[in-house]
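Undergrad: For what it's worth, the numbering used here labels the leading residue of the sequence shown as 1280, then goes sequentially. Below is one structure. I have some questions about it.
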Amino acid sequence: MVTNAAPIGVFDSGIGGLTVAHAVMQQLPHESVTYFGDTARVPYGPKSPETVRRYSREIASFLTDQGVKALVVACNTATAHALPALRETLTMPVLGVIEPGARAAVRATRNGHVGVIGTAGTIKSGAYERAIRGIEPSPRVPARACPLFVPLVEEDWVDSEVTRLIADEYLAPILREEVDTLVLGCTHYPLLKPVIASVLGAGVRLIDSAEETANETASMLQERCLAASGAAEPRYRFIASDDPLMFLQLGQRFLSGAIESVEVKTLG
């Protein structure tokens, strides 16, 4: 039986969703988290929407069997393609990362020019543009795929001249649109905040969907009477579908060493 002490399930195509898990762990210190990274099938961005939906259903089924009380889809591509289907089939609350980021961007913009950067799959889906215009129809929403940002983060090249040059190239069209707000539409991108901020300048507000998703997770748990007791001791599980050593090494960087072990579960 799922109780208030049950963990929150978080999943991603790989390790990037650990930025979301980290935000949840920081903002909800009494909540347990079970994280699944589909490292055997990463990346999701280039895959078809139906394939992403199939992968997402498999992971949701697995996490349901682990007794999670709510599901956070930490992958932007999976949120774009699979969130409605998961909400239709699951009885637990299901949150994605796009709607919280879109709401925060609409609140933040002053001139109505909201940029979005993400993987090719997320940008091609148009999910952020639809979400932003569903809240406020007037903003201009220039979007740009930045596929090299993910491998740069995973190679720990977050503070190098190469990364700065690539960021300059990717973000130049966004700058020409005179945006005052930029949504970081990929869970890896918060690790590049200093570089992105230096390219765009102090006048552009960066929206971290991980932080916004954690905020909305906290509100949802309170509204559904699912929040853990203030005396609860959190438990954290990390599960990968392949290469647990790589997950452990990269995950320790994402979570500042908080991962001690990684389980393996192959799906599909």
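All residues carry an ideal CB built from backbone N, CA and C; glycine is no exception.
Check His1309 in the structure and name its three-state DSSP category.
TA: Here the question's residue 1309 lines up with position 30 in the sequence shown. Residue state, collapsed to three classes: coil.
Undergrad: DSSP on Asp1317, reduced to helix/strand/coil?
TA: Residue 1317 sits at position 38 when you count from the first residue of the sequence shown. Asp1317: coil per DSSP, three-state reduction.
Undergrad: With DSSP as the reference, please indicate the residues paired to Arg1419 in a beta bridge.
TA: Within the sequence shown, residue 1419 is the residue found at index 140, counting from 1. His1392.
Undergrad: Who are Leu1485's beta bridge partners in DSSP?
TA: Residue numbering aside, residue 1485 sits at position 206 when the sequence shown is read from its first letter. For Leu1485, which the question treats as bridged, DSSP gives the partners Leu1461.
Undergrad: Return helix, strand or coil for Gly1480, following the three-state DSSP convention.
TA: Stepping through the sequence shown from its first residue, residue 1480 is reached at position 201. DSSP places Gly1480 in coil when its eight states are reduced to three.
Undergrad: Going by beta-carbon coordinates alone, are Pro1322 and Val1429 separated by less than 9 angstroms?
TA: As a first step, residue 1322 is located in the sequence shown; it is residue number 43 there, counting from the start. As a first step, residue 1429 is located in the sequence shown; it is residue number 150 there, counting from the start. Contact flag set, yes.
Undergrad: How is Glu1542 classed by DSSP in three states: helix, strand or coil?
TA: Walking along the sequence shown from the start, residue 1542 turns up at place 263. Correct three-state label for Glu1542: strand.
Undergrad: Counting only the same chain and skipping the five closest in sequence on each side, list residues whose C-beta sits under 7 angstroms from that of Glu1495.
TA: Counting from 1 along the sequence shown, the entry for residue 1495 is found at position 216. These residues qualify, in order along the chain: Leu1374, Pro1379.
Undergrad: Kindly list the residues whose CB is nearer than 7 angstroms to the CB of Leu1479, restricted to its own chain and excluding five residues on each side of it in sequence; keep chain order.
TA: The residue labelled residue 1479 in the question sits at position 200 within the sequence shown. Excluding positions up to five away in sequence, the list reads Leu1450, Leu1454, Leu1461.
Undergrad: I need the straight-line Cα distance from Glu1502 to Gln1305, nearest angstrom please.
TA: Residue 1502 sits at position 223 when you count from the first residue of the sequence shown. Residue 1305 sits at position 26 when you count from the first residue of the sequence shown. Those two C-alpha atoms are separated by around 20 angstroms.
Undergrad: What three-state label does DSSP hand Leu1374 in the structure shown?
TA: Stepping through the sequence shown from its first residue, residue 1374 is reached at position 95. It is a strand residue.
Undergrad: Have a look at Ser1327 and Ser1477 and give me their C-alpha separation to the nearest angstrom.
TA: Indexing the sequence shown from 1 puts residue 1327 at position 48. Indexing the sequence shown from 1 puts residue 1477 at position 198. One C-alpha to the other measures close to 34 angstroms.
Undergrad: So, are the CB atoms of Thr1466 and Val1376 less than 9 angstroms apart?
TA: For this step, residue 1466 is matched to residue 187 along the sequence shown. For this step, residue 1376 is matched to residue 97 along the sequence shown. Result yes, Cβ atoms of Thr1466 and Val1376 sit closer than 9 angstroms.
Undergrad: Near Gly1530, what residues of its chain come up, given a Cβ to Cβ distance below 6 angstroms and the 5 sequence neighbours on each side ignored?
TA: Looking up residue 1530 in the sequence shown gives position 251. For Gly1530, where only same-chain residues beyond five positions count, the Cβ hits under 6 angstroms are Ile1294, Leu1297, Ile1538.
Undergrad: Could you round the C-beta distance between Ala1489 and Pro1469 to whole angstroms and report it? I think they count as a contact, below 8 angstroms.
TA: Indexing the sequence shown from 1 puts residue 1489 at position 210. Indexing the sequence shown from 1 puts residue 1469 at position 190. Contact holds; Cβ gap of about 6 angstroms.
Undergrad: If you draw a straight line from the alpha carbon of Tyr1334 to that of Pro1325, how long is it in whole angstroms?
TA: Position 55 of the sequence shown holds residue 1334. Position 46 of the sequence shown holds residue 1325. Approximately 14 angstroms between the Cα atoms of the pair.
Undergrad: Short of 6 angstroms in beta carbon distance, which residues of its chain neighbour Glu1491, apart from the five on each side in sequence? Order them along the chain.
TA: Stepping through the sequence shown from its first residue, residue 1491 is reached at position 212. Taken in chain order, the residues that qualify are Pro1379, Gly1380, Ala1383.
Undergrad: From Thr1358, Ser1340, Gly1397, pick the residue whose C-alpha is nearest to that of Thr1370; which is it?
TA: Start at 1 with the first residue of the sequence shown, and residue 1370 comes out as number 91. Residue Ser1340 is the option with its Cα nearest to Thr1370.
Undergrad: Taking only three categories from DSSP, how would you classify Ile1402?
TA: Counted from its first residue, the sequence shown places residue 1402 at position 123. Of the three classes helix, strand and coil, the one that applies to Ile1402 here is helix, per DSSP.
Undergrad: How would you write the range of the beta strand (DSSP E) that Tyr1515 sits in, first residue to last?
TA: Working through the sequence shown from its first residue, we reach residue 1515 at position 236. 1515-1519 is the extent of the beta strand (DSSP E) around Tyr1515.
Undergrad: Once the 5 residues before and after Phe1290 are set aside, which same chain residues still bring their CB inside 8 angstroms of it?
TA: If you number the sequence shown from 1, residue 1290 lands on position 11. Counting only Cβ-Cβ distances below 8 angstroms, and skipping sequence neighbours, we find Gly1296, Tyr1314, Phe1315, Gly1316, Asp1317, Ser1335, Ile1338, Ala1339, Leu1342, Leu1350, Val1351, Val1352, Ala1353, Cys1354, Ala1357.
Undergrad: Apply the 10 Å Cβ neighbour rule to Leu1444 and answer buried if 16 or more other Cβ atoms are within range, or exposed otherwise.
TA: Within the sequence shown, residue 1444 is the residue found at index 165, counting from 1. The residue in question, Leu1444, is exposed, as its Cβ has fewer than 16 Cβ neighbours within 10 Å.
Undergrad: Determine the direct distance from the alpha carbon of Val1393 to that of Phe1533, and round the result to whole angstroms.
TA: Counted from its first residue, the sequence shown places residue 1533 at position 254. Counted from its first residue, the sequence shown places residue 1393 at position 114. For Phe1533 and Val1393, the distance between alpha carbons rounds to 27 angstroms.
Undergrad: Closer than 7 angstroms by C-beta to Ala1387: which residues in its own chain qualify, once you throw out the five before and the five after it? Chain order, please.
TA: Working through the sequence shown from its first residue, we reach residue 1387 at position 108. Here the set comprises Thr1460, Arg1484, Ile1486.
Undergrad: Residues bridged to Ala1424 by DSSP?
TA: Within the sequence shown, numbered from 1, the residue matching residue 1424 stands at position 145. Ala1424 pairs with Gly1397.
Undergrad: Short of 7 angstroms in beta carbon distance, which residues of its chain neighbour Glu1456, apart from the five on each side in sequence? Order them along the chain.
TA: For the purposes of this step, residue 1456 is identified with residue 177 of the sequence shown, where counting begins at 1. Result list for Glu1456: His1392, Gly1394, Arg1419, Pro1421, in chain order.
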